[in-house]
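Asker: Residue numbers (the working numbering): 4 to 162.
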């Protein structure tokens, strides 16, 4: 899946905007920032809430940092994607790669899309699952066989 060259305002489905965002995040592509509304509300549920320009600058900084470092990766495995009107839900496995360290964790994302831009982005995750992912990542550095592996087919975003 690649980012479309079609202007975001003319995209037919909010789901496409969200999938383009996830692809751009995976690719460390600054095009992700253009998919975010100027008044976006980003909520990492139970952790933080960031709005507007600050949220966009945070995404831009993450992308710039990742784009310059081959040893850093952000992988997304989609399990389910559902759309109801302007709301898109994603069930996915996110994985942060730092050299041989891989931390994989389950995430539910809820996105609201208006006029081809994401206005609300909420990610929900389980702290225990995240902790286990971090622990497995640390152990996987010493014992590669312990690194996360897929046990079933999940449609992946292409790189």
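Glycine residues also receive a C-beta, built at the ideal position from the N, C-alpha and C atoms.
Using the rule of at least 16 other Cβ atoms within 10 Å of the residue's Cβ for burial, across every protein chain shown, is residue 17 buried or exposed?
Answerer: Buried: at least 16 other Cβ atoms inside 10 Å.
Asker: Less than 7 angstroms between the CB of residue 67 and some heavy atom of the ligand PLP, yes or no?
Answerer: This structure simply doesn't include the ligand PLP, nor any ligand for that matter.
Asker: Sorted by chain position, which residues of the same chain lie with C-beta nearer than 7 angstroms to residue 140's C-beta, five sequence neighbours on each side aside?
Answerer: Contacts found: 104, 105, 106.
Asker: Please list, in chain order, all residues of the same chain as residue 115 whose beta carbon is under 6 angstroms from its beta carbon, the five residues on each side excluded.
Answerer: Counting only Cβ-Cβ distances below 6 angstroms, and skipping sequence neighbours, we find 89, 90, 122, 123.
Asker: Assuming residue 39 contacts residue 59 (C-beta within less than 8 angstroms), just tell me the rounded distance between them.
Answerer: Correct: roughly 5 angstroms between the Cβ atoms.
Asker: Can residue 82 and residue 95 be called in contact, C-beta distance under 8 angstroms?
Answerer: Cβ distance < 8 angstroms, so residue 82 and residue 95 count as in contact.
Asker: Tell me which residues share the same chain as residue 127 and place their Cβ nearer than 6 angstroms to its Cβ, disregarding the 5 neighbours each side in the sequence.
Answerer: Cβ within range, chain order: 48, 111.
Asker: May I ask you to list the residues that DSSP assigns as paired with residue 113?
Answerer: 92, 125, per the DSSP bridge assignment.
Asker: Which partner residues does residue 104 have in the DSSP bridge list?
Answerer: Residue 104 pairs with 101.
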